[in-house]
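Let me begin by presenting the structure, written as structure tokens, before commenting on it.
Residue numbers (UniProt numbering): 1 to 317.
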């Protein structure tokens with residue numbers, strides 16, 4: 001594709017940060033750094049008509065939505081999640097896509113994109129807080145939490161807020177090469193490419209569980225995560241047969257004993273990585289994994305990044 005003309009669509013209400021991401025990546029003249037020139041426009045329902053923002057204040061687009069249909073790239077920043085969106089907005093996106101444009105949504109901009117039908121049969125990502133709602137509204141779209149953006153060729157979706165930077169830089173890298181993406185990232189003082197997915201950004205304190213017959217067993221596990229726990233041992237603690245215990249455990253927690261224990265151990269590891277300077281081997285021991293290798297395997301599976309990278313991002317110390 002050509003990447004010359006970029007249009008960012010302002011919806012009502014519009015999130016200023018996500019619109020600013022598009023403006024920052026594509027709207028500034030960086031030809032002195034070797035970045036090719038872009039023609040960048042912002043588009044609202046009517047040119048010059050102020051659009052309310054989610055943070056207060058107003059944003060004044062320079063063009064109308066209809067002016068976006070000939071763009072090479074159409075960016076849909078985040079905005080308020082609405083039950084419906086103007087048909088003129090949806091048709092602009094569909095028509096631009098029919099003419100060969102790439103469509104890139106940021107954060108909850110994926111809801112607008114979902115309403116166009118262009119995500120049917122595709123994979124997509126949105127802010128983790130709205131992922132379940134998105135999945136309910138658009139059941140024909142596969143929703144992921146494991147990545148910061150998803151590239152489906154002519155459709156790119158970025159996860160929450162700052163992941164829009166990752167998605168935009170990815171597109172620049174894909175179309176113009178890593179050197180150009182790196183120059184833009186350096187000027188923005190951000191990494192050219194981040195690791196992991198947005199699971200690592202979901203707040204996940206050790207949960208307060210509330211089950212009926214197995215609550216004492218759950219309490220015992222969380223208080224002794226560094227000890228081994230087998231189904232036979234836990235069943236004896238619950239004074240049940242192994243089969244009854246396993247069935248009751250799934251009924252009351254929604255998962256198997258093994259998966260539940262792994263999840264609790266990962267949560268404990270996250271807590272230790274954030275709040276202590278313990279070496280990773282010690283974190284593994286205190287959280288019940290026994291070895292750093294086993295901790296890394298389960299941590300990557302659940303959180304989407306490594307313990308070391310997680311600590312660099314989230315350590316309170």
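Yeah, the Cβ is synthetic: ideal placement off N, Cα and C, and Gly gets one too.
Quick caveat: nothing in here was measured; it's all calculated off a predicted structure.
Is residue i near residue j, with beta carbons less than 8 Å apart?
{"i": "residue 113", "j": "residue 25", "result": "no"}
{"i": "residue 283", "j": "residue 295", "result": "yes"}
{"i": "residue 319", "j": "residue 68", "result": "An answer regarding residue 319 cannot be provided, because it is not within the stretch 1 to 317 covered by the chain."}
{"i": "residue 226", "j": "residue 298", "result": "no"}
{"i": "residue 52", "j": "residue 46", "result": "no"}
{"i": "residue 138", "j": "residue 118", "result": "no"}
For residue i, which residues of its own chain have a beta-carbon under 7 Å away from its beta-carbon, when the five flanking residues on both sides are left out?
{"i": "residue 3", "result": "72, 73, 175, 176"}
{"i": "residue 38", "result": "4, 6, 26"}
{"i": "residue 241", "result": "235"}
{"i": "residue 60", "result": "48, 50"}
{"i": "residue 184", "result": "25, 30, 35, 169, 172"}
{"i": "residue 101", "result": "71, 72, 73, 74"}
{"i": "residue 281", "result": "292"}
{"i": "residue 41", "result": "7, 62, 63, 67"}
How long is the line joining the alpha carbons of residue i and residue j, rounded to whole angstroms?
{"i": "residue 81", "j": "residue 111", "result": "7 Å"}
{"i": "residue 124", "j": "residue 237", "result": "44 Å"}
{"i": "residue 93", "j": "residue 191", "result": "30 Å"}
{"i": "residue 272", "j": "residue 30", "result": "42 Å"}
{"i": "residue 261", "j": "residue 290", "result": "14 Å"}
{"i": "residue 154", "j": "residue 105", "result": "11 Å"}
{"i": "residue 43", "j": "residue 301", "result": "40 Å"}
{"i": "residue 210", "j": "residue 265", "result": "Any reading at residue 210 must be qualified, since the residue scores a pLDDT of 45, below 50, and its modelled position is unreliable; the value itself is stated next. Computed Cα separation, rounded: 18 Å."}
{"i": "residue 250", "j": "residue 256", "result": "5 Å"}
{"i": "residue 232", "j": "residue 274", "result": "33 Å"}
{"i": "residue 148", "j": "residue 65", "result": "27 Å"}
{"i": "residue 221", "j": "residue 254", "result": "16 Å"}
{"i": "residue 180", "j": "residue 90", "result": "31 Å"}
{"i": "residue 247", "j": "residue 213", "result": "12 Å"}
{"i": "residue 122", "j": "residue 182", "result": "29 Å"}
{"i": "residue 205", "j": "residue 131", "result": "Low per-residue confidence applies at residue 205: pLDDT is 44, beneath 50, and the placement is therefore not dependable, though the value from the model is reported in the following sentence. Their backbone Cα atoms lie some 19 Å apart in a straight line."}
{"i": "residue 32", "j": "residue 186", "result": "13 Å"}
{"i": "residue 88", "j": "residue 98", "result": "15 Å"}
{"i": "residue 277", "j": "residue 103", "result": "43 Å"}
{"i": "residue 141", "j": "residue 219", "result": "38 Å"}
{"i": "residue 55", "j": "residue 20", "result": "13 Å"}
{"i": "residue 263", "j": "residue 288", "result": "11 Å"}
{"i": "residue 22", "j": "residue 239", "result": "59 Å"}
{"i": "residue 279", "j": "residue 178", "result": "34 Å"}
{"i": "residue 133", "j": "residue 309", "result": "29 Å"}
Which same chain residues, not among the five before or five after residue i, have their C-beta less than 6 Å away from its C-beta?
{"i": "residue 135", "result": "143"}
{"i": "residue 109", "result": "76, 77, 78"}
{"i": "residue 152", "result": "122"}
{"i": "residue 314", "result": "274"}
Going by beta carbon distance, what residues of the same chain come within less than 8 Å of residue i, once the five residues before and after it are set aside?
{"i": "residue 129", "result": "160"}
{"i": "residue 107", "result": "15, 18, 77, 78, 126, 127, 158, 159, 160, 161, 163, 164"}
{"i": "residue 115", "result": "84, 85, 90"}
{"i": "residue 156", "result": "102, 103, 104, 105, 149, 150, 167, 170, 171"}
Quick one: is residue i buried, meaning 16 or more other Cβ sit within 10 Å of its Cβ, or exposed?
{"i": "residue 244", "result": "exposed"}
{"i": "residue 12", "result": "buried"}
{"i": "residue 307", "result": "buried"}
{"i": "residue 166", "result": "buried"}
{"i": "residue 217", "result": "buried"}
{"i": "residue 96", "result": "buried"}
{"i": "residue 228", "result": "exposed"}
{"i": "residue 189", "result": "exposed"}
{"i": "residue 84", "result": "exposed"}
{"i": "residue 269", "result": "buried"}
{"i": "residue 259", "result": "exposed"}
{"i": "residue 223", "result": "exposed"}
{"i": "residue 311", "result": "buried"}
{"i": "residue 230", "result": "exposed"}
Give the DSSP bridge partners of residue i, in chain order.
{"i": "residue 69", "result": "Beta-bridge pairing links residue 69 to no other residue."}
{"i": "residue 149", "result": "158"}
{"i": "residue 63", "result": "43"}
{"i": "residue 14", "result": "53, 79"}
{"i": "residue 74", "result": "7, 103"}
{"i": "residue 235", "result": "Note: residue 235 sits in no beta bridge, so no partner."}
{"i": "residue 58", "result": "52"}
{"i": "residue 123", "result": "142"}
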